[in-house]
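To start, the structure itself, in C-alpha cells.
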Amino acid sequence: MFRELTAFQGKKDHFELLCFKCKAKYEIDDYGKFYHCSKCGSLLEVVKTSNYSSGTKKRPEVWKYIDLIPLWDEKNIVSLSEGWTSLVECRNLAGILGLKSLYVKFEGLNPTGSFKDRGMTVGVSKAVEQGYKNTMCASTGNTSASLSAYSSRAGIRCIVLVPKGKIALGKIAQAIAYGAEIYQVEGNFDDSLRIASEICEKDNRILLLNSLNPFRLEGQKTVAFEITEQLGGKVPDYVVIPVGNGGNISAIWKGFRELFEDGVEGIAGKHSSEHLPKMVGIQAEGAAPIARAFKAGRKDIDPVRDPHTEASAINIGSPVSWIKSLAAIYDSGGSSDYVSDEEIFAAQKLLASKEGLFVEPASAAPIAYIWKLARAGKGDVYEDMKGLTVVSICTGNGLKDPNALLKGVTPDQLKTISADAKSLEKILA
Ligand code: F0G
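Numbered according to the numbering used here, the sequence shown spans residues 391 to 819.
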C-alpha cells in the first residue's frame, strides 16, 4: 500500500531565496527565471529561516530530511532511493596515514554512482514542481549521468553539454543509456557551462541544473546530516573533499551549519561552533584556482585558462561556486591544497588495495592529500588531524572510469594459465 502523499501547507514561509553576497531577497518560486542576483551578480542561496515539521513518516534516504528541503509538495518527488551511502571506517589506511580515526563516505554507492544524485533528486523534483519540461547541464561526466537519469524518470527532456573527448567512458555511456540529448563542445568544461548558462538565461523553458542552482545544493547538504547520524550524533573534526566547481563543499558546510544553528530532529541538537568540522577542499594541481587562492590568503580566484588533470571530474579552471567554497573553507577554519595526478592515482590504488574501496580518480584526491601530509610528517593541519576524526568524501565510483586506472595495462598482459589446476598448482607451490 502506498501511503498518502502530503502537500506541505505553509512550508514555503520557512525558506527564503537570498543573494549569497549582498543578501537581496527574491521570490523563491521564481528561481529559473534568473540564475544570479540582479543587484550584484553573485550566486543565490536557499536559506531556512525557521524549522519546519511536516510530521510525515520519514523515508530512509535523502528525503528522510524532507522538512529541511525546500519542496512544497511530496507528490513532486523524483527519487531513485539516493543517499544513505556507507560510512566506512578505514583502520588499515588510518594506520598507514598515521591517523587515529579515518572514515570514507562512499558516495559512489548512489544510484548513478556519484554524490550528484543527492542534488539531482531535489533539483529535478523542483523542476517538476515548477512545471519545467526541459533540463540542461554542462558536465565533466557525473552531473550529466545523474541529471539524465532523474530527468528520464520524471519524463522530461534532458540536454547535456560535455567537453569533447574529456569525459570518462562509463559516464558518457550512462547519459546515452538514460536517453539524454548530448552535445559535445569543442572546448573545455568552462566553455560548456558558459554556453549552458547563456542558453538557460535566455530561454526560461529550460532549467539549468549545474551546482549554481541552489536547490540542487539543498539535496547535497544532506550528506552532513547522514555522517553525523552514522557517527552516532557526533560531528567529525575534519571533512576532506575533492573540489571542482566548489558546489559540494559549500553544500556540505551548509548542512553542518544548519545542524549547528538549529539542530536537526532525530540527529543532533544545536551544536556549539567549536564542534563544526573544518572543511578541507582538495583540487588537482593543473586545475587548482581555489587551492591557490587559499594558499595566497585571498578571497577571490584567478581562473585557470587551460586546466589539465587526468582526474577528469575536477578538470575545471573557472569554478562557478568559488565564492561559496572559499567561504566554507575560511569560515570553518579549514584549508585547501592541491595534489598531482601521480599522487591521485597512487591514492586511488592505495584505497582500493588496503580497504576494498574503488573510487574514481577525483574522489581519491582527499586521500592523496592526507598521504602527502603523512609523508611530510609535519605541518599544522597534519598535527591537528592526527588525533581526531577525519571523514573523506569519496564522491564517485571507480567503475565509471576504469581506463584512467588501467592506463597502459591491458588484460592480455595479465598472467595466463592453461585450463587445468596443475599449472596453477606449480605457480602457487
Ligand atoms: N568529485 C566528482 C566525482 C565529481 O564528479 C565532481 C564534480 C567533484 C568531485 C567536484 O564537485 O564541482 O561540486 O566541487 N563533477 C561535476 C560534473 C563538475 O559535471 O560531474 P564540485
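In this text, a Cβ means the ideal position worked out from N, Cα and C, and glycines have one as well.
Note that the coordinates shown come from a computational prediction; the quantities given were computed from them, not determined experimentally.
Do P604 and E732 have their C-beta atoms closer together than 9 Å? Position 214 of the sequence shown, counting from 1, holds the residue named residue 604. Position 342 of the sequence shown, counting from 1, holds the residue named residue 732. Result no, Cβ atoms of P604 and E732 do not sit closer than 9 Å.
What residue range is occupied by the uninterrupted alpha helix (DSSP H) comprising N532? By one-based count along the sequence shown, residue 532 stands at place 142. Its alpha helix (DSSP H) spans residues 532-544.
Note down the Cα distance separating K797 from V494, rounded to an integer number of angstroms. Sequence index remark: in the sequence shown, residue 797 carries index 407 (1-based). Sequence index remark: in the sequence shown, residue 494 carries index 104 (1-based). Rounded to whole angstroms, K797 to V494 spans 25 Å at the Cα level.
To which residues of the same chain is S476 closer than 7 Å at the C-beta, ignoring the five residues directly before and after it? In the sequence shown, counting from the first residue as 1, residue 476 sits at position 86. For S476, where only same-chain residues beyond five positions count, the Cβ hits under 7 Å are F496, L499.
Would you say the beta carbon of E750 comes nearer than 8 Å to a heavy atom of the ligand F0G? Walking along the sequence shown from the start, residue 750 turns up at place 360. Yes, the beta carbon of E750 sits closer than 8 Å to at least one heavy atom of the ligand F0G.
Alpha carbon to alpha carbon, what distance is there between V452 and G473? Position 83 of the sequence shown, counted from the first residue, corresponds to residue 473. Position 62 of the sequence shown, counted from the first residue, corresponds to residue 452. When rounded, the distance between both Cα atoms is 5 Å.
Check whether the Cβ atoms of S443 and E655 sit closer than 9 Å, and answer yes or no. Reading the sequence shown from its first residue, position 53 is the one you call residue 443. Reading the sequence shown from its first residue, position 265 is the one you call residue 655. Cβ distance < 9 Å, so S443 and E655 count as in contact.
Confirm, please, whether the CB-CB distance from S536 to L551 is below 9 Å. By 1-based counting over the sequence shown, the position of residue 551 is 161. By 1-based counting over the sequence shown, the position of residue 536 is 146. In this structure, the beta-carbon distance from L551 to S536 does not fall below 9 Å.
Taking the CB atoms as reference points, tell me whether I719 and L741 lie closer together than 9 Å. One-based indexing of the sequence shown puts residue 719 at position 329. One-based indexing of the sequence shown puts residue 741 at position 351. With a cutoff of 9 Å on beta-carbon distance, I719 and L741 are scored as not near each other.
Is I713 near the ligand F0G, in the sense that its beta carbon is under 8 Å from a heavy atom of that ligand? Locating residue 713 in the sequence shown gives position 323, where the first residue counts as 1. Between the ligand F0G and the CB of I713, the shortest heavy atom gap is not smaller than 8 Å.
In angstroms with no decimal places, state the Cα-to-Cα distance between A397 and D463. The count along the sequence shown starts at 1 and reaches residue 397 at position 7. The count along the sequence shown starts at 1 and reaches residue 463 at position 73. Rounded to the nearest angstrom, the two C-alpha atoms are 4 Å apart.
By the 10 Å Cβ neighbour count, where 16 or more other Cβ atoms means buried, how is C784 classified, buried or exposed? For the purposes of this step, residue 784 is taken as the residue at position 394 of the sequence shown. With 16 or more Cβ atoms within 10 Å of its Cβ, C784 is classed as buried.
Using a Cβ-based criterion (distance less than 8 Å to any ligand heavy atom), does P626 qualify as near the ligand F0G? By one-based count along the sequence shown, residue 626 stands at place 236. Flag unset: Cβ of P626 not near the ligand F0G.
Residues in its own chain within less than 7 Å of K554 by CB, not counting five upstream and five downstream? The count along the sequence shown starts at 1 and reaches residue 554 at position 164. So the qualifying residues of the chain are Q574, V575, E576.
Measure from the alpha carbon of G521 to the alpha carbon of each residue in S541, P632, L492, T502, then state which is nearest. Sequence index remark: in the sequence shown, residue 521 carries index 131 (1-based). It is S541.
For Y522, does the three-state DSSP call read helix, strand or coil? As a working note, residue 522 is residue 132 in the sequence shown. Coil, per DSSP.
Going by C-alpha to C-alpha distance, which of S534, K447, S538, S753 sits closest to I639? In the sequence shown, counting from the first residue as 1, residue 639 sits at position 249. That would be S753, whose Cα lies nearest to the Cα of I639.
For a test of the three-state rule: what should DSSP assign to M391, helix, strand or coil? By 1-based counting over the sequence shown, the position of residue 391 is 1. Since pLDDT at M391 reaches only 38, below the 50 mark, its modelled position is unreliable, and no value is offered.
Can you pull the DSSP bridge partners for D727? Sequence index remark: in the sequence shown, residue 727 carries index 337 (1-based). Partner(s): I672.
Every unbroken beta strand (DSSP E) within the segment 719-787, with a cutoff of 3 residues, ordered by chain: Segments of the beta strand (DSSP E) lying fully in the segment 719-787: 725-729, 779-784.
Taking the alpha helix (DSSP H) that L796 falls in, what are its first and last residues? Residue 796 sits at position 406 when you count from the first residue of the sequence shown. Element bounds for L796: 792-796.
Is it the case that the Cβ atoms of I566 and S702 are separated by a distance below 9 Å? Along the sequence shown, one-based indexing puts residue 566 at 176. Along the sequence shown, one-based indexing puts residue 702 at 312. Result no, Cβ atoms of I566 and S702 do not sit closer than 9 Å.
With distances taken Cα to Cα, identify the nearest neighbour of F424 among T439, L408, K438, V437. By one-based count along the sequence shown, residue 424 stands at place 34. Looking at the Cα atoms, L408 is the closest of the given residues.
Can you determine whether any heavy atom of the ligand F0G sits closer than 8 Å to the C-beta of C430, and answer yes or no? As a working mapping, residue 430 is identified with position 40 in the sequence shown. C430: no, Cβ never under 8 Å from the ligand F0G.
Check for me: the beta strand (DSSP E) holding F496 runs from which residue to which? Residue numbering aside, residue 496 sits at position 106 when the sequence shown is read from its first letter. That run of the beta strand (DSSP E) goes 491-496.
Sheet register partners of L407 (DSSP bridge): Sequence index remark: in the sequence shown, residue 407 carries index 17 (1-based). Under DSSP, the beta-bridge partners assigned to L407 are Y416, V436.
Determine the contact status of L716 and A755, defining contact as a CB-CB distance below 9 Å. Start at 1 with the first residue of the sequence shown, and residue 716 comes out as number 326. Start at 1 with the first residue of the sequence shown, and residue 755 comes out as number 365. Their beta carbons are not under 9 Å apart, which means L716 does not touch A755 by this criterion.
Closer than 8 Å to a non-hydrogen atom of the ligand F0G - does that hold for the CB of N603? Numbered from 1 along the sequence shown, position 213 holds the residue referred to as residue 603. Answer for N603: no, Cβ out of range of the ligand F0G.
Return the chain-ordered list of same chain residues with a C-beta closer than 8 Å to the C-beta of F392, the five sequence neighbours on each side being excluded. In the sequence shown, counting from the first residue as 1, residue 392 sits at position 2. Here F392 scores only 46 on pLDDT, less than 50, and its place in the model is too uncertain to base an answer on.
I807 classed as buried or exposed, judged by whether at least 16 other C-beta atoms fall within 10 angstroms: Stepping through the sequence shown from its first residue, residue 807 is reached at position 417. By the 10 Å Cβ count, I807 comes out exposed.
Identify whether E571 lies in helix, strand or coil by the three-state DSSP scheme. Walking along the sequence shown from the start, residue 571 turns up at place 181. Residue state, collapsed to three classes: strand.
Taking only beta-carbon positions, decide if T530 is within less than 9 Å of chain B. Protein chains in the displayed structure number just one, and chain B is not present.
Starting from R584, follow the alpha helix (DSSP H) in both directions and report where the run begins and ends. As a working mapping, residue 584 is identified with position 194 in the sequence shown. Here the alpha helix (DSSP H) through R584 covers 579-592.
Nearest-angstrom Cα separation, counted from I672 out to V633: For this step, residue 633 is matched to residue 243 along the sequence shown. For this step, residue 672 is matched to residue 282 along the sequence shown. Distance between the alpha carbons of V633 and I672 is about 6 Å.
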